[in-house]
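Structure record follows, encoded as structure tokens.
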């Protein structure tokens, strides 16, 4: 029996792999601290074994960092323990590298900017494949109106669209977007990627895509989003959260989209103006939405997203007479899927993050500068 396929993080010209950070080689037994002491998910034992296998001297504990510490493996996600990291950096005058476990570093942006001389690496791109899979899953489910059929209590009308040759907009051009391009390739959609600067072209030559699909990919600046929205069949958000992308989809943008278009967000909840989205779904401005992230998550049982009705029959692409006098087959509810931030579960994340910090620890110890996921301190991702 052949081995199961392995997830791979995407390396692109956008800085996920950066060899411009060469350092003097660290001696064998370089001191690397695992912090904080009690993270939400305790993988310290696994990580300690990996680092020791590389020849590192591993230290643990909130106050363990010394003047000899050269690297910090930070294993906490929220802002609560940031003061512990700040204190460690004040003491650790020899620290050269800090590894963060998440892709979005909003909670740590301030401390990153205060220590710009350090090499900060994150998990950006490391979890790209499973997150891209989730984005495609939500997209296909919405186009096929699966949420309506899950609630169906009668046969109902024939609904659904194929992704084949559709117009897809992807906001963001990092590892998730590149993995998504590969997954979309068999459908040969016309894809436009939106990034902060369109002048930074992407090298797609090594992505597993057909030549036809590769030729249908366009890259534009985020400022061009509005003029492209009216032609979109699918809009997928896979961007870092910055001042420019906060509520990048709001009332105006939803109003520009076709009534048959679907919206998918697998990045950050704050990318979408939630009340505006609920209103758009209720009024049939768009055909559906798939959200793996929501503003203010985790959201309560009484959140309006759990009960979005739509009295607009055409929200499902039907005519007003098809359902008959009684709402059946799921009609009357919006074509909406909300998943609880599970595009990359802990089981998926552990081997992928282990690979990321292993590569970066090796880069520190060898001094060759081959760090992956280097953070842009100025822009916060």
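Residue numbers (my numbering): 828 to 1208.
A virtual CB, placed ideally from N, CA and C, is assigned to each residue, including glycine.
Since the model is a prediction, treat every value here as computed from it, not as a measurement.
With contact defined as three or more Cβ pairs closer than 8 Å, the stretch 925-941 and the stretch 902-914 are in contact. In this chain, the alpha helix (DSSP H) harbouring residue 1108 covers 1101-1110. Counting along the chain, residue 1188 sits inside the alpha helix (DSSP H) bounded by residues 1173-1193.
Counting only the Cα atoms, residue 1101 lies some 18 Å from residue 1086.
In this structure, DSSP gives residue 881 a state outside helix and strand, which the three-state scheme calls coil. Fewer than three beta-carbon pairs drawn from the stretch 879-887 and the stretch 909-920 are found closer than 8 Å, and the two stretches are therefore not classed as touching. Contact check for residue 1112 against residue 1077 fails: the beta carbons are separated by 8 Å or more. Each residue's CA atom was taken as its position, placing residue 1122 and residue 986 some 30 Å apart.
For the pair residue 1119 and residue 1169, the CB atoms are nearer than the 8 Å cut-off. Here residue 1002 is buried. Its C-beta has 16 or more other C-beta atoms within 10 Å. Inter-residue distance for residue 974 and residue 1182 is about 36 Å (C-alpha atoms, whole angstroms). Remark: fewer than three beta-carbon pairs, one from each stretch, lie closer than 8 Å, so the stretch 1025-1043 and the stretch 1058-1068 are not flagged as touching. Our two residues, residue 871 and residue 980, have alpha carbons roughly 49 Å apart in a direct line. Look at residue 941 here: in three-state DSSP terms it is helix. If one requires a minimum length of 4 residues, the alpha helix (DSSP H) runs lying completely within the stretch 881-931 are 909-918, in chain order. Exposed is the label assigned to residue 1039, since fewer than 16 other Cβ atoms lie within 10 Å of its Cβ. Going by C-alpha positions, residue 1178 is about 20 Å away from residue 865.
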